[in-house]
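First comes the structure, then the notes that go with it.
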């Protein structure tokens, strides 16, 4: 989990470096990396090794290959082959340069004031904080981001995409790699180039500002900014928050919102872009919608423990329709919450398949500079399906498009509202 | 902390029982060990004088940077109430009121404890439990084991009502309790926990561990006793649960 500030040049460098022969020191580092990855998998695996693997035999088969590898690429390929034997998602070796791109810890305290997704291979603005300098400068949803600080984002998307395995969490990691390029110290001006709605190139210098929300700390985790918004849309209550953190703030605002929407036909909980946080908050929040004690959202299993995510019903619960909007950046606690309420028949899910990263898959830097991703547990939702690497499949799939953004539309929200409206009409 | 006897209880498993009987022949009776603990922590007379307490404890999840302070109120009514603030989480409250235990936190909201979890909490709230352990458990000496270099008698407690086995370790030399192994029963599942007790300090005539370190699920929770006030008048309404808990009780 030790991240270093990335540089696009490192990607090129790391690829170029593979052609050169390995020094004794590099061989030693590769060997150390191999041993670390092998033993970590043995340590964290929550089930007996999948597919009847004899993990010691796997070690003995691959150790000589690492030792005799003539290049970084060869050593990496051997380690990747070893990991592929698991036939599991969220276990990967990525080249060092790519690993640097996945770093979020480097970010600084300034943000652009807009949110992005990768749509059709391009970084695309999906929302802009109305009070932000980006909004004042004219940035709007649907604009594509070409470059930042002279770095072509398409190149990053292409390189990172090629290096990452095809898993449900790939969009999350891609987004992270691109977002990392757009951060820096607050008040710094970030030179950027966009393609606007008409396809014209627009060069802007966007002033970075402190991120939206309240600065929140939890243990040794880096400070994160937490925001919460809610409003009534017709006969529906709408709730959105960016993290399951700062329980006093988020849970209290959530409680106030639910209480004020008790008479609504439905409540929409928008978890798009919400990467999760404190897992247990899902149990308390689900208690606003379930009045039966003893039910659970799912179960988490690590090598050592089994933990039921039990719902604790509130004294007063909401009985109307519950719609949850998700997308490919919805992860972890958000997935546990959405999937559990779906499996319990209490919520209908709108949007696109989630990240399938219900548990912290750890990303570590190996001694040889490559990145090592591994999952430390599995989570089975109440319906009996794991979330890791699969994600939450929406009941009503709605894909976001650039055209919809440029037209000022939010198709997933519209679909959720229509479903709630349908209930209102039938009464 | 120790005065509540240390929380949990146990029912002997079939596996443990035969060994327990054999061990009893060579080792001191469990009752002797338990009664000695009462003596070395202040004596029966001191416990008898002790009818209420307010304890303040600092807690820390070691290596995680999460800290807080909790205050616990308890008296001979066998009701209890704790509240405190944990950094990054917020206000935590829990209590036992007329045989019903509960907790309330911003993470999970208000909830009533049921079954074995409630039985454990009610037992934990039994005031001066070391003095009255016979009302709560049966006990058997099940071995002699070293705890951090100190030879300790192992005493297995079997709960008279529902609950899992609990093993206490008492120093052969000092008679003080040095460790507890127990299984916490929670709606989330069973969690194995061990706690070491050290740095006993006198508070109002009774010895209390200044430090308890609990290990569970890969976490280490350190509890440091900051203060214990004994025989303070605690108004009965101190133990009354908050409104949200009362609503759940009425539901």
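Chains as they are written, first to last, in the numbering used here: chain X, 1 to 427; chain H, 1 to 251.
Where a beta carbon is used, it is the ideal one built from N, C-alpha and C, also for glycine.
> Helix, strand or coil for residue 132 of chain X per DSSP?
Replying inline: Here residue 132 of chain X refers to the residue found at position 132 when the first chain is read from its first residue. Note: residue 132 of chain X maps to coil in three-state DSSP.
> In three-state terms, what does DSSP make of residue 413 of chain X?
Replying inline: Position 413 of the first chain holds residue 413 of chain X. Three-state DSSP puts residue 413 of chain X in a helix.
> Taking Cβ-Cβ distances shorter than 7 Å, what residues in chain H pair up with residue 290 of chain X?
Replying inline: As a working note, residue 290 of chain X is residue 290 in the first chain. Result: empty, since nearest Cβ-Cβ is about 12 Å, beyond 7 Å.
> Between the C-alpha atoms of residue 184 of chain X and residue 125 of chain X, what's the straight-line distance to the nearest angstrom?
Replying inline: For the purposes of this step, residue 184 of chain X is taken as residue 184 along the first chain, with counting starting at 1. For the purposes of this step, residue 125 of chain X is taken as residue 125 along the first chain, with counting starting at 1. Each residue's Cα considered, the two are about 18 Å apart.
> Do you know whose CA, among X:349, X:397, X:379 and X:204, lies nearest residue 390 of chain X's CA?
Replying inline: Locating residue 390 of chain X in the first chain gives position 390, counting from the first residue. Residue X:379 is the option with its Cα nearest to residue 390 of chain X.
>> To be precise: take each residue of the region 183-205 of chain H, compare its Cβ to all Cβ atoms of chain X, and keep it if any distance is under 9 Å. Which residues remain?
In response: 186, 187, 188, 189, 190, 191 and 192
> How about residue 310 of chain X: is its C-beta nearer than 7 Å to some C-beta of chain H?
Replying inline: To locate residue 310 of chain X, count along the first chain from 1; it is residue 310. Output row for residue 310 of chain X: interface = yes.
> Which of helix, strand or coil does DSSP assign to residue 23 of chain H?
Replying inline: The residue given as residue 23 of chain H occupies position 23 in the second chain. Note that residue 23 of chain H has pLDDT 46, beneath the 50 cutoff, so the model's placement of it is unreliable and no number is given.
> Do three or more CB pairs link the region 153-169 of chain H to the region 60-80 of chain H at distances below 8 Å?
Replying inline: no
> If you count every other CB in all the chains shown that lies within 10 Å of the CB of residue 392 of chain X, and 16 or more means buried, which is it?
Replying inline: Against the first chain, residue 392 of chain X aligns to sequence position 392. Its Cβ being crowded by 16 or more others within 10 Å, residue 392 of chain X is buried.
> What separation, rounded to the nearest whole angstrom, lies between the Cα atoms of residue 160 of chain H and residue 242 of chain H?
Replying inline: The residue given as residue 160 of chain H occupies position 160 in the second chain. The residue given as residue 242 of chain H occupies position 242 in the second chain. Cα to Cα, the separation comes out at about 30 Å.
> Using the beta-carbon of each residue, which ones in chain H are nearer than 7 Å to residue 280 of chain X?
Replying inline: Taking the first residue of the first chain as position 1, residue 280 of chain X is located at position 280. Those within 7 Å of residue 280 of chain X in chain H are 107 and 108.
> Within the 7 Å Cβ cut-off, does residue 252 of chain H reach chain X?
Replying inline: As displayed, chain H neither begins before 1 nor continues past 251, which places residue 252 of chain H out of reach and without an answer.
>> Determine, for residue 397 of chain X, whether the minimum Cβ-Cβ distance to residues of chain H falls below 7 Å.
In response: Indexing the first chain from 1 puts residue 397 of chain X at position 397. Answer no: the Cβ-Cβ gap between residue 397 of chain X and chain H never drops below 7 Å.
>> Given this structure, state the Cα-to-Cα distance separating residue 114 of chain X from residue 150 of chain X, to the nearest angstrom.
In response: Numbered from its first residue, the first chain carries residue 114 of chain X at position 114. Numbered from its first residue, the first chain carries residue 150 of chain X at position 150. Those two C-alpha atoms are separated by around 19 Å.
> Beta-carbon of residue 222 of chain X versus every beta-carbon of chain H: anything under 7 Å?
Replying inline: In the first chain, counting from the first residue as 1, residue 222 of chain X sits at position 222. Not one chain H Cβ lies under 7 Å of residue 222 of chain X.
> Using a beta-carbon distance cut-off of less than 9 Å, what residues from the region 230-254 of chain X approach chain H?
Replying inline: 245, 246, 247, 248, 249, 250, 251 and 252
>> Determine, for residue 62 of chain X, whether the minimum Cβ-Cβ distance to residues of chain H falls below 7 Å.
In response: Here residue 62 of chain X refers to the residue found at position 62 when the first chain is read from its first residue. No, because no Cβ of chain H sits closer than 7 Å to the Cβ of residue 62 of chain X.
> Going along the chain, which residues of its own chain have a beta-carbon closer than 6 Å to the beta-carbon of residue 49 of chain X, five neighbours each way excluded?
Replying inline: On the first chain, position 49 is the one that residue 49 of chain X refers to. Correct list, in chain order: 55.
>> Taking 7 Å as the threshold (beta carbon to beta carbon), is residue 262 of chain X in contact with chain H?
In response: One-based indexing of the first chain puts residue 262 of chain X at position 262. No, residue 262 of chain X does not count as interfacial toward chain H.
> According to a CB-to-CB cut-off of less than 9 Å, which residues of the region 312-325 of chain X neighbour chain H?
Replying inline: 312, 313, 314, 315 and 316
> In the DSSP assignment, what residue or residues form a beta bridge with residue 237 of chain X?
Replying inline: Numbered from its first residue, the first chain carries residue 237 of chain X at position 237. In DSSP, residue 237 of chain X forms a bridge with X:232 and X:267.
> Are at least three pairs of beta-carbons, each pair with one atom in the region 79-89 of chain X and one in the region 36-50 of chain X, less than 8 Å apart?
Replying inline: yes
> With 16 other CB atoms within 10 Å as the buried threshold, where does residue 120 of chain H fall?
Replying inline: Indexing the second chain from 1 puts residue 120 of chain H at position 120. Result: buried.
> Could one say the Cβ of residue 22 of chain H lies closer than 7 Å to chain X's Cβ atoms, at least one of them?
Replying inline: Numbered from 1 along the second chain, position 22 holds the residue referred to as residue 22 of chain H. At residue 22 of chain H, the pLDDT of 46 sits below 50, so the modelled position is not reliable; the number obtained from the coordinates is stated separately. It does not; no Cβ of chain X falls within 7 Å.
>> Strictly below 9 Å CB to CB, what residues from chain X border residue 244 of chain H?
In response: Taking the second chain and counting its residues from 1, one reaches residue 244 of chain H at position 244. The contacting residues are 314 and 315.
>> Considering only DSSP beta bridges, list what residue 331 of chain X is partnered with.
In response: Against the first chain, residue 331 of chain X aligns to sequence position 331. Looking at the DSSP assignment, residue 331 of chain X forms no beta bridge with any residue, so it has no partner.
> In its own chain, which residues sit with a C-beta less than 6 Å from the C-beta of residue 187 of chain H, not counting the 5 before and 5 after it?
Replying inline: For this step, residue 187 of chain H is matched to residue 187 along the second chain. Cβ neighbours of residue 187 of chain H beyond the five flanking positions: none.
> residue 49 of chain X bridges to which residues according to DSSP?
Replying inline: Locating residue 49 of chain X in the first chain gives position 49, counting from the first residue. Residue 49 of chain X pairs with nothing; no bridge assigned.
> Thinking just about the alpha-carbon of each residue, which of H:168, H:206 and H:244 is nearest to the one in residue 255 of chain X?
Replying inline: Translated into positions along the first chain, residue 255 of chain X becomes position 255. Measuring from the Cα of residue 255 of chain X, the nearest candidate turns out to be H:244.
>> Which residue marks the beginning of the alpha helix (DSSP H) containing residue 402 of chain X, and which one marks its end?
In response: Position 402 of the first chain, counted from the start, is the residue given in the question as residue 402 of chain X. Looking at the DSSP string, the run of the alpha helix (DSSP H) that includes residue 402 of chain X is 402-406.
>> Can you pull the chain X neighbours of residue 248 of chain H, defined as C-beta to C-beta under 7 Å?
In response: Numbered from its first residue, the second chain carries residue 248 of chain H at position 248. Those within 7 Å of residue 248 of chain H in chain X are 315.
> In or out: residue 232 of chain X buried (at least 16 other Cβ within 10 Å) or exposed?
Replying inline: Here residue 232 of chain X refers to the residue found at position 232 when the first chain is read from its first residue. Per the 10 Å Cβ criterion, exposed.
> For residue 259 of chain X, which of helix, strand or coil comes out of DSSP?
Replying inline: Taking the first chain and counting its residues from 1, the one referred to as residue 259 of chain X is at position 259. Residue 259 of chain X falls in the helix class under three-state DSSP.
>> Taking the alpha carbon of residue 24 of chain X as the reference point, which residue from X:46, X:63, X:60 and X:68 has its own alpha carbon closest?
In response: On the first chain, residue 24 of chain X is found 24 positions in, with the first residue counted as 1. Considering only alpha carbons, the answer is X:68.
> How far does the alpha helix (DSSP H) with residue 76 of chain X in it reach, from first residue to last?
Replying inline: Here residue 76 of chain X is taken as the residue at index 76 of the first chain, counted from 1. From DSSP, the alpha helix (DSSP H) with residue 76 of chain X extends over 72-84.
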